[in-house]
Amino acid sequence: MERPHLVYTTFPDAATALAVGEALVRARLAACVNVLPGMASVYAWKGAIEHGAEVVAILKTRESLSAALAAALKERHPYETPIILHLAVAEADPDTAAWILAETGGGSAS
């Protein structure tokens, strides 16, 4: 069975994260997008140290859709350089994996 895959990204606010997330779920590129508000960030950007409030989004997909999901996410993302981190899933509960595969258009792929 094909493995689930997670993508980590951040957004400026929950409304944007939810709107982009819904578009990706409707497109069946992700089975689910978890939006976690209330994150404070400190980061280097163009030679300066920045501080900001952001939200985390964790997208659940399948390995074979990771590149397409990343491209669609980048296309819809409001940041000039969005953070898109691919997190390989070493193991998943079989029912969880089957649900992710089914919701991203694949049923029980091999």
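Position 19 of the sequence shown, counting from 1, maps to 542 under this note's numbering, and the rest follow consecutively. Glycine included, each C-beta is placed from N, C-alpha and C at the ideal position. Keep in mind that this is a model prediction, so the values were computed, not measured.
Could you give the residue range of the alpha helix (DSSP H) that holds residue i?
i       : result
Thr-539 : 537 to 549
Ala-595 : 589 to 599
Pull up the distance between the alpha-carbon of residue i and that of residue j, whole angstroms please.
i       : j       : result
Ile-606 : Thr-532 : 5 Å
Ile-572 : Ala-563 : 13 Å
Ser-633 : Ala-546 : Here the model assigns Ser-633 a pLDDT of 36, short of 50, so the residue's position is not dependable and the matter cannot be decided.
Leu-582 : Glu-603 : 20 Å
Val-565 : Thr-539 : 20 Å
Thr-619 : Ala-591 : 21 Å
Leu-541 : Ile-623 : 18 Å
Ala-621 : Phe-534 : 28 Å
To which residues does DSSP link residue i through a beta bridge?
i       : result
Gly-628 : The partner list for Gly-628 (beta bridge, DSSP) is empty, contrary to what the question assumes.
Glu-614 : Paired residues: none, contrary to the question.
Ser-564 : Gly-575
Leu-608 : Tyr-531
Cβ of residue i within 8 Å of Cβ of residue j?
i       : j       : result
Thr-584 : Ala-537 : no
Val-548 : Ala-580 : no
Val-578 : Pro-601 : no
Glu-626 : Ser-587 : no
Gly-544 : Val-530 : no
Pro-527 : Ala-615 : yes
Ser-589 : His-609 : yes
Ala-593 : Ala-550 : no
Over what stretch of residues does the beta strand (DSSP E) that includes residue i continue unbroken?
i       : result
Glu-573 : 571 to 585
Leu-529 : 527 to 534
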